[in-house]
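Novice:
Residue numbers (our numbering), protein chains in the order written: chain A, 198 to 357; chain B, 559 to 1120.
1. Just to confirm before moving on: does the CB-CB distance between residue 242 of chain A and residue 228 of chain A stay below 8 Å?
2. Could you give the C-beta distance for residue 874 of chain B and residue 854 of chain B, rounded to a whole number, given that I count them as a contact under 8 Å?
3. What is the DSSP secondary structure of residue 359 of chain A, reduced to helix, strand or coil?
4. Could you say if the segment 662-676 of chain B and the segment 982-999 of chain B meet the contact criterion of at least three C-beta pairs nearer than 8 Å?
5. Would residue 978 of chain B count as contacting chain A if we go by Cβ distances under 8 Å?
6. Just the Cα atoms here: how many angstroms apart are residue 761 of chain B and residue 1033 of chain B?
7. Closest to residue 1108 of chain B by C-alpha separation, out of B/607, B/1019, B/860, B/1120, would be which residue?
8. Rounding to the nearest angstrom, what Cα-Cα distance links residue 632 of chain B and residue 979 of chain B in this structure?
9. What ranges does the beta strand (DSSP E) occupy inside the segment 200-273 of chain A, keeping only unbroken runs of at least 3 residues that lie completely in it?
10. Does the beta-carbon distance from residue 723 of chain B to residue 589 of chain B come in below 8 Å?
11. Can you tell me which of the three DSSP states residue 763 of chain B falls into?
12. Skipping 5 residues on each side, what residues in its chain have a beta carbon closer than 6 Å to that of residue 660 of chain B?
13. In angstroms with no decimal places, state the Cα-to-Cα distance between residue 944 of chain B and residue 961 of chain B.
14. If I measure Cβ to Cβ from residue 342 of chain A and keep anything under 6 Å in the same chain, skipping five residues before and after, which residues do I get?
15. With residue 579 of chain B as the anchor, note down where its beta strand (DSSP E) starts and where it stops.
16. Going by the beta-carbon positions, is the gap between residue 766 of chain B and residue 832 of chain B smaller than 8 Å?
17. What's the gap between the Cα of residue 898 of chain B and the Cα of residue 788 of chain B?
18. Does residue 717 of chain B get closer than 8 Å to chain A when you measure Cβ to Cβ?
19. Between which two residues does the alpha helix (DSSP H) containing residue 1135 of chain B stretch?
20. Could you have a look at residue 638 of chain B and say whether DSSP puts it in helix, strand or coil?
21. Taking C-beta pairs closer than 7 Å, name the residues in chain A that residue 736 of chain B reaches, listed in chain order.
22. So the candidates are A/268, A/349, A/235, A/283; which of them puts its Cα closest to the Cα of residue 331 of chain A?
23. At least one CB of chain A closer than 8 Å to the CB of residue 704 of chain B: is that the case?
24. Identify every residue that forms a DSSP beta bridge with residue 856 of chain B.
25. State yes or no: is the beta carbon of residue 866 of chain B nearer than 8 Å to at least one beta carbon in chain A?
26. Using only the alpha-carbon positions, how far apart do residue 1114 of chain B and residue 809 of chain B sit?
27. Are residue 862 of chain B and residue 355 of chain A closer than 8 Å when you measure CB to CB?
28. Pick out whichever of B/1097, B/1038, B/1053 has its Cα sitting closest to the Cα of residue 1110 of chain B.
29. Select from B/908, B/882, B/624, B/867 the residue whose C-alpha is nearest the C-alpha of residue 764 of chain B.
30. Are the beta-carbon atoms of residue 712 of chain B and residue 732 of chain B separated by less than 8 Å?
31. Taking DSSP's pairing of strands, which residues face residue 318 of chain A in a bridge?
32. On a CA-only basis, which of B/648, B/662, B/643 is nearest residue 685 of chain B? Give me that one, please.
33. When DSSP labels each residue in this structure, what does residue 724 of chain B get in the three-state scheme?
34. Does any residue of chain A bring its CB to less than 8 Å from the CB of residue 646 of chain B?
35. In terms of residue numbering, what span does the alpha helix (DSSP H) encompassing residue 822 of chain B cover?
36. For residue 209 of chain A, tell me which candidate among A/312, A/323, A/232, A/199 has the shortest Cα-Cα distance.
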C-alpha cells in the first residue's frame, strides 16, 4: 500500500543522504521525494512517498525515527490530509492545435508559463490523478518534456 | 585564552574521562600527535587501523566505557571501517576520530582524501564532519553522548586539518541538545503489567536474553527474574556471561550452534521472554517455525528491533534494567503461588533433553580435540579469564565449552562475524585490565587477519594469551562444504601457514606448541605462568565439526547432532 510520509529533519548537510541511504541500504523503495526548508530555517521537511505492507511501513517509520537528525515522522495514512504536486509540461503547439492546448490547460486551471512558435510550457498543480489526467489529454497532442515535483502533503486542520 | 583544535581535542577527551587512545598517525592528524605528549593520555600505537577500531571495541566491551581511536585521513579512515561495522552490529560504544584534508580541499580528490562520512554512514550510529572550530567541542561532546546512550554504537568524527589548527575559546558544553534523539529508558508500566499477566498464565516459559543484558548491566536482575519465576534461561552468543552457566536454570546458548535443550525449549515454550535480544537469523532459523506456540514479550531499548523479524505480542521499549526492575517489583507485590509445582513437568522435560543430547566430544589419546583445549582453558583459568574469540569454529567452541558466568567476559564479533577481531580486542581488554587473564581463542585462519598486532602486544608488555586451534582449514566453511557441498573443499585448505611458534619468537613473544593431548595442559600452564604475550599453537584434529548444528534456513528443531 502507498504511504505518504512527512519527515521533519534538522536542516544540515548530509541529512537527505542519510534518509535516502536508509531506504537504499534496507531495500525500501522511494517513489517520490520533495524537500525544502520550513518556517524555521533550522528544520527542513521531507515529503516522501513509499510503499509497503504494515510490517515494512512500521520498520520504515521506526528506522526513520532512529536517525539522529530526524525530529518527527508523520504517516499521512492515519490522518486526513491534502496533497499536491506540480508538473511543468512542454507540449507541442502548432497553429492547428494551439487553441486545443489552451482549452485543456484552462479546464485544468493550469497556467502557460512559456511560449515558443512550436510549444507551450504549462504549469499545473493538483493531486496525482489530476496530473495524470492532463498528461493523458496533452499526450494526444504531443508532449515534449515533463518535469514533476513529487508530492507535498499537509494535514487538514480541524474544522471546528 | 584561545586554544587550537588539537588542544581542544585533548581537553574534550579529558572531560570525557578518556585515558587511552588506540591510533596510528598520518599527515592529516600530525598536529594532534604533536600536541599529544603534553596531555596525560595513553596512546597505543597499532600496526593497522583495523586493529585500532577493534582494540577500542575490546576496551569498550570489557569495561563498559567508550573506546576511542584516532587515525589519519584516506586509507587510515577506510582501514577502520571493518572495525566500525563490527561495533555497530554489536552495539558497542566507540568514538572514531579520523583526520581529513583541509576544508578548502574537501571534494577535490586531494591526497589521502576520502568521504569517510559517506562511507561510514550505514555502519555508524551517527557521524560528523567538523567544518568549523566553533563546533568542535560540541560535536565531540555529542559524539560521546550518542555513543554511550540509548542503544550504544560507534560514532565517527571527521577532523579536517585546518580545523585542528584553527583557534577558538574552549568551552565544553554542559548539556547536549539533540531534538531528534530521545531514547526511551523507562519501560511503560502498563506493558509491564500485561507482561505479568502473560507470565502468570504461562506453563512453559523461557527467557531468551541477548547482548542488551550486558549493555545495560542487568545480569543480577535477570538472575533474580529467572529464580523468581523458576524459568529456564537461554542466551544468544552476545548474551553469554549475562547468566551464570553453572546455574540449574541455564539452558546454554540457542540458535544455529545452540544446545539441543535450548532449541527444544524455545520450540516448545508457551511464553518467550526476550530481553535485549533481536531475533537474529542465526538464532531463529526458519522464522515460521521459531517458537511457534509462544506468546512473545520483547524488551528492547531500540524500537526498530521490536517486530522486525518476529511478531511480538507484548512489546516493551526501554532500558532492560529498568524494565526488569519494574517487572520484579510487580512480581514481588503480586506473588505467583505454587510455581514449583507448575514448573515441575517443564523443568523435568528440559532435564530429559539435557541428558539425551548433552554437548559432547570424545577425546582420544593421540589427537587433540579443539573442544578439549577450550575446556582445559576453562578449567585452568577457573572460568575467570576474559575470553575474546575470532570467528568460525573457534568462536562456537568457545561459546559452547568455556562456561561464562560473568558479564563482559566474552568479547566476540556476534553480528558482523569479523575474522581478525579477537586478537586486537584482547589487546584492548588487556590494556583496560592489565592484571586479568585475557585469552584470545583463535583459529589458524582468523589469527592471520590481524596478526600484525602481535608487535603492539609485545611493545606494550601485554600478557595476552592466544590459543590457536590449528586445524589447517578455514574450518567453519570447510564444515559447510563437507555437509552441503559434497566435500568440495574449495579455498578452505590453509596448510600453507606460518610456523606460529617461530612467528611469536620473531616478534619477541613466547611461542608454544602442543601436538598431543598429553601436552595441552602443560602448554596452557606455561602460558598462564609467563608474564608476556604468548601464542599457543594447538595442532588439533582437522576434521572436527561444531555440533549441534542447524543448517541455515532450517527450523531450530532440525538439528544435526553429530
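Glycine is no exception: its CB is placed at the ideal position from the N, C-alpha and C atoms.
For clarity, every value in this text was computed on a predicted model and none was experimentally measured.
Specialist: Inspection of the coordinates gives the following:
1. no
2. So it is not a contact: roughly 11 Å between Cβ atoms.
3. Chain A is shown from 198 up to 357; residue 359 of chain A falls before or after that span and cannot be answered.
4. These segments do not touch.
5. no
6. 41 Å
7. The shortest Cα separation from residue 1108 of chain B among B/607, B/1019, B/860, B/1120 belongs to B/1120.
8. One alpha carbon belongs to residue 632 of chain B, the other to residue 979 of chain B, and they sit about 22 Å apart.
9. 227-234, 240-248, 267-272
10. yes
11. strand
12. By the criterion of a C-beta distance shorter than 6 Å, residue 660 of chain B is surrounded in its chain by 718, 719, 720, once the five residues flanking it on both sides are discounted.
13. 12 Å
14. 287
15. 578-581
16. Taking 8 Å as the cut-off, the Cβ atoms of residue 766 of chain B and residue 832 of chain B count as close.
17. 7 Å
18. Put simply, the CB of residue 717 of chain B is far from chain A, with every gap to its CB atoms at 8 Å or more.
19. In the structure displayed, chain B extends from 559 to 1120; residue 1135 of chain B sits before or after that span and is not available.
20. coil
21. 265
22. A/283
23. yes
24. Partner(s): B/832, B/873.
25. Chain A contact via Cβ: present.
26. 15 Å
27. Inclusion of residue 862 of chain B and residue 355 of chain A in the CB contact set at 8 Å is not warranted, their separation being larger than that value.
28. Comparing Cα positions, the closest option is B/1038.
29. B/908
30. no
31. A/287, A/311
32. The option with the nearest alpha carbon to residue 685 of chain B is B/643.
33. Note: residue 724 of chain B maps to coil in three-state DSSP.
34. No, residue 646 of chain B lies away from the interface with chain A (no Cβ there is under 8 Å from its Cβ).
35. 818-826
36. A/232
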